[in-house]
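> Take this structure, written in structure tokens, and hold onto it; I'll ask about it next.
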Ligand code: C2E
Ligand code: MG
Ligand code: MG
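Residue numbers (the numbering used here): 1034 to 1687.
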């Protein structure tokens, strides 16, 4: 140790000793010397007294330390409890300066404790639903009146989460070292479970920008809230799931601006109807889907009444682009708890009920039932799968050859749609084509299948097979499209398939229902060289005189007449009559569904031009069709194939 350091230490020691001796002297002065025992020297008794005093002080110190550690323990428990709250908690002084916050509030505000301690409460919150400034709210609260109100956090601009703020006044407590101030607690509004009926139209929700209605996520929130309330109260919640019929077509045909106009007018209509029933929660779930929640206590009569009111008010036209437009809704209804135990089940079942009513033609409502028609549900699932299949181009053409009844050659083929479902195997086009029509998928699908047929046809032509027509089926729905002709031309041009090798088939009922469009389309197609055929002839209700009006090339006699043509004189007579009329009007005539040689001979004897049917081939895949075509010797020779090898290719039936 250095001299200086040693001197310093000695001095410090001396100072301390001096202090102790002063203290002792001071204590001695305070002590009552009359108590000093007899026979003891004054020095001895003073020492005794000082010792006792020291002991007492030590005990007091020990007690204080114990008390302090107990307080510290309590404080840390309190801190832990505050930190564990799911509410944000802050303490502010009367000048609204933040003195303390828990971590939950730090997270809510996105600031840490230090940053928050620089702020006043005014700088952090925006009061909603009140005009009072924070200062006067605090003043009132100081009068021991608790205050509650909704606020937004200014630091949470993006989320705009609404919080419920509760303010409690805290009186100064000197004993407990508590300063005067306010305890402020923040909780998310929904967690605070306000009455569902009171919040339908408020600014609590995120909104759809077009209609201004609460959006899907707000809807889910509100439905959950209502279901919770109903569960507690043992009451019911009603849900209406509303979808507009044919809205897609309006959008496609009249443009998205008109579609938007329709949606806004529908919103108003729904609001008026719901308000008239005292309901104020309507949401837009997606494009043309809306939902109305009937908060607890609700019931089947109230939901049915609202659905009926909406449907009847939709009977009046909307005014779109200064024109009257009729829109109809399909409404699915569910009630908690009978039709779904939780919000997502309620919504799913309401959606399914809506789809069922839509499949029956729409413009009606339907309550979900557990024992709802199984086939309807199956169709719903199938429709869903079909959407995926169409989007993923999983539907393709099979081809059925058409045979010339004089020389037995293949003169064409009919493209028939096939869908191989991953679980159900091949689904019949008689099932999925109507589904595609209902689901609004047929436009996309129908045109895609025409394109596929043109593409396959072009490839077969390149192989040398040239004398054939490719027949495609077009649904009535597709026929209503004004741009159908353009699409057909686009299919031809994009694939390079010649127009005069394409034949378009319509059923006669479809022709009659769309007479103006059809005549127009037929004329345009004929100008381009595209051929026209009437499918399933004899089953529709066309009068024979119509035949003259349609400049078609071919009539296809429906399979139902051919089936018993050799055993049923009536069917034989009809078949012969159709052939005779076709000949007189210079149409070609083809018989569908030829399965037996007897049927074939009958048709040959009666001068039918051509046929198709299982006798020759079922519809087969494009690859097999190609193989079948290659069996034509003239094609094979062009390709200089060895005939033996060529004939070994077996087309077979799929
Ligand atoms: P369709 O246009 O009258 O087609 C003929 C139907 O008869 C085909 O049924 C074919 O497989 C079947 N068929 C042919 N020969 C025989 C036979 O000898 N015996 C029996 N029992 N049946 C035979 P598929 O392929 O099931 O098609 C049924 C219907 O679905 C078609 O009747 C057509 O109306 C519709 N369809 C098929 N593909 C399409 C398409 O791409 N678009 C549209 N819009 N409709 C299609
Ligand atoms: Mg057909
Ligand atoms: Mg047919």
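Glycine included, every Cβ here is placed at the ideal spot set by N, Cα and C.
Rounded to the nearest angstrom, what separates residue 1333 and residue 1361 at their Cα positions?
Stepping through the chain shown from its first residue, residue 1333 is reached at position 300. Stepping through the chain shown from its first residue, residue 1361 is reached at position 328. Near 22 Å, if we compare the C-alpha coordinates of residue 1361 and residue 1333.
> Please report the distance separating the alpha-carbon of residue 1126 from that of residue 1171.
As a first step, residue 1126 is located in the chain shown; it is residue number 93 there, counting from the start. As a first step, residue 1171 is located in the chain shown; it is residue number 138 there, counting from the start. Each residue's alpha carbon lies about 10 Å from the other.
> Identify every run of the alpha helix (DSSP H) within the stretch 1522-1585, keeping only runs that are complete inside it and at least 4 residues long; order them along the chain.
Taking only runs of at least 4 residues, the alpha helix (DSSP H) segments lying wholly in the stretch 1522-1585 are 1541-1546, 1548-1561, 1577-1582.
> Examine ligand 1 and report whether any of its heavy atoms sits within less than 7 Å of the Cβ of residue 1305.
Within the chain shown, numbered from 1, the residue matching residue 1305 stands at position 272. Result no, Cβ not under 7 Å from ligand 1.
> In terms of alpha-carbon separation, which member of 1440, 1273, 1181, 1363 lies closest to residue 1331?
Reading the chain shown from its first residue, position 298 is the one you call residue 1331. Among 1440, 1273, 1181, 1363, the Cα nearest to that of residue 1331 belongs to 1273.
> Helix, strand or coil for residue 1200? Go by DSSP, reduced to three states.
By one-based count along the chain shown, residue 1200 stands at place 167. Of the three classes helix, strand and coil, the one that applies to residue 1200 here is strand, per DSSP.
> Closer than 5 Å from C-beta to any heavy atom of ligand 2: which residues, in chain order?
After applying the 5 Å Cβ criterion, the set is 1506, 1538, 1568.
> Which complete beta strand (DSSP E) runs does the stretch 1258-1341 hold, if anything under 3 residues is left out?
Runs of the beta strand (DSSP E) inside the stretch 1258-1341: 1270-1277, 1314-1319, 1322-1327.
> Considering only their Cβ atoms, is the gap separating residue 1257 from residue 1329 smaller than 8 Å?
As a working mapping, residue 1329 is identified with position 296 in the chain shown. As a working mapping, residue 1257 is identified with position 224 in the chain shown. Not a contact, by the Cβ cut-off of 8 Å.
> Measure the C-alpha to C-alpha separation of residue 1168 and residue 1297 and round it to an integer number of angstroms.
Counting from one through the chain shown, the residue named residue 1168 turns up at place 135. Counting from one through the chain shown, the residue named residue 1297 turns up at place 264. Their Cα atoms are separated by approximately 42 Å.
> Starting from residue 1020, follow the alpha helix (DSSP H) in both directions and report where the run begins and ends.
Residue 1020 is absent from the model: the chain starts at 1034 and stops at 1687.
> Could you tell me which of 1463, 1532, 1474 sits nearest to residue 1491, measuring between CA atoms?
Residue 1491 sits at position 458 when you count from the first residue of the chain shown. Nearest option by C-alpha distance: 1532.
> Can you give, in chain order, each stretch of the alpha helix (DSSP H) that sits fully within the stretch 1375-1457 and has at least 4 residues?
Qualifying alpha helix (DSSP H) stretches, in chain order: 1376-1392, 1407-1424.
> Go ahead and label residue 1178 buried or exposed: buried means 16 or more other beta carbons lie within 10 angstroms of its beta carbon, across all protein chains shown.
The residue you call residue 1178 lines up with position 145 of the chain shown. Exposed: under 16 other Cβ atoms inside 10 Å.
> For residue 1146, I'd like the list of residues in its chain whose CB is within less than 7 Å of its CB, leaving aside the five on either flank, ordered along the chain.
Here the question's residue 1146 lines up with position 113 in the chain shown. Result list for residue 1146: 1134, 1139, in chain order.
> What's the gap between the Cα of residue 1396 and the Cα of residue 1374?
Residue 1396 sits at position 363 when you count from the first residue of the chain shown. Residue 1374 sits at position 341 when you count from the first residue of the chain shown. Distance between the alpha carbons of residue 1396 and residue 1374: 28 Å.
> Assign residue 1484 to buried or exposed, taking buried as 16 or more other Cβ atoms, counted over all protein chains shown, within 10 Å of its Cβ.
Translated into the one-based positions of the chain shown, residue 1484 becomes position 451. Residue 1484 is buried by the Cβ-count criterion.
> In whole angstroms, what separates the C-alpha of residue 1385 from that of residue 1280?
On the chain shown, position 352 is the one that residue 1385 refers to. On the chain shown, position 247 is the one that residue 1280 refers to. Residue 1385 and residue 1280: Cα-Cα distance of roughly 18 Å.
> Enumerated in chain order, which unbroken segments of the beta strand (DSSP E) with a length of 3 residues or greater are wholly contained in the stretch 1572-1647?
Correct list: 1587-1590, 1621-1624.
> Taking residue 1283 as the reference, which of 1103, 1353, 1434 has the closest Cα?
Counting from one through the chain shown, the residue named residue 1283 turns up at place 250. Checked all of 1103, 1353, 1434; the closest Cα to residue 1283 is 1353.
> Would you say the beta carbon of residue 1627 is closer than 7 Å to some non-hydrogen atom of ligand 1?
As a first step, residue 1627 is located in the chain shown; it is residue number 594 there, counting from the start. Yes, the beta carbon of residue 1627 sits closer than 7 Å to at least one heavy atom of ligand 1.
> Please decide whether residue 1559 counts as near chain D, where near means a Cβ-Cβ distance under 8 Å.
Of the chains in the structure shown, none is chain D; there is only one protein chain.
> Is residue 1485 a contact residue of ligand 1, with contact defined as CB to any heavy atom under 7 Å?
The residue given as residue 1485 occupies position 452 in the chain shown. No; taking the cut-off as 7 Å, the Cβ of residue 1485 has no heavy atom of ligand 1 nearer than that.
> Any idea which residues DSSP pairs residue 1506 with across the strands?
For the purposes of this step, residue 1506 is identified with residue 473 of the chain shown, where counting begins at 1. In DSSP, residue 1506 forms a bridge with 1538.
> Can you give me the C-alpha to C-alpha distance between residue 1478 and residue 1488, rounded to a whole angstrom?
Walking along the chain shown from the start, residue 1478 turns up at place 445. Walking along the chain shown from the start, residue 1488 turns up at place 455. Going from the Cα of residue 1478 to the Cα of residue 1488 covers about 15 Å.
> Name the two residues that bound the continuous beta strand (DSSP E) containing residue 1121.
On the chain shown, residue 1121 is found 88 positions in, with the first residue counted as 1. Counting along the chain, the beta strand (DSSP E) containing residue 1121 begins and ends at 1121-1125.
> Give a single yes or no on whether residue 1476 has its beta carbon closer than 7 Å to a heavy atom of ligand 3.
Position 443 of the chain shown holds residue 1476. The answer is no for residue 1476.
> Would you check whether ligand 3 has a heavy atom nearer than 7 Å to the C-beta of residue 1586?
As a first step, residue 1586 must be located in the chain shown, where it is residue number 553. No, Cβ of residue 1586 sits at least 7 Å from all heavy atoms of ligand 3.
> When DSSP labels each residue in this structure, what does residue 1004 get in the three-state scheme?
Any property of residue 1004 remains undetermined from this structure, which presents the chain solely from 1034 to 1687.
> Closer than 7 Å: is that where the CB of residue 1462 sits relative to any heavy atom of ligand 1?
Within the chain shown, numbered from 1, the residue matching residue 1462 stands at position 429. Yes, since a heavy atom of ligand 1 falls inside the 7 Å radius drawn around the Cβ of residue 1462.
> CA-CA distance, residue 1433 and residue 1625?
Taking the first residue of the chain shown as position 1, residue 1433 is located at position 400. Taking the first residue of the chain shown as position 1, residue 1625 is located at position 592. Going by the C-alpha atoms only, they are around 11 Å apart.
> Taking Cβ to Cβ, would you say residue 1318 is nearer than 8 Å to residue 1252?
Here residue 1318 corresponds to residue number 285 of the chain shown, with the count starting at 1. Here residue 1252 corresponds to residue number 219 of the chain shown, with the count starting at 1. For residue 1318 and residue 1252, yes; Cβs fall inside 8 Å.
> Taking just the CA atoms, how far does residue 1566 sit from residue 1538?
In the chain shown, counting from the first residue as 1, residue 1538 sits at position 505. In the chain shown, counting from the first residue as 1, residue 1566 sits at position 533. Cα to Cα, the separation comes out at about 5 Å.
> Span of the alpha helix (DSSP H) holding residue 1661?
For the purposes of this step, residue 1661 is taken as residue 628 along the chain shown, with counting starting at 1. Run containing residue 1661: 1655-1663, per the alpha helix (DSSP H) assignment.
> Taking residue 1147 as part of the alpha helix (DSSP H), name the residues at either end of that continuous run.
Residue 1147 sits at position 114 when you count from the first residue of the chain shown. 1146-1150 is the extent of the alpha helix (DSSP H) around residue 1147.
> I need the boundaries of the beta strand (DSSP E) containing residue 1471, first residue and last residue.
Residue 1471 sits at position 438 when you count from the first residue of the chain shown. Unbroken run through residue 1471 is the alpha helix (DSSP H), 1462-1471; no beta strand (DSSP E).
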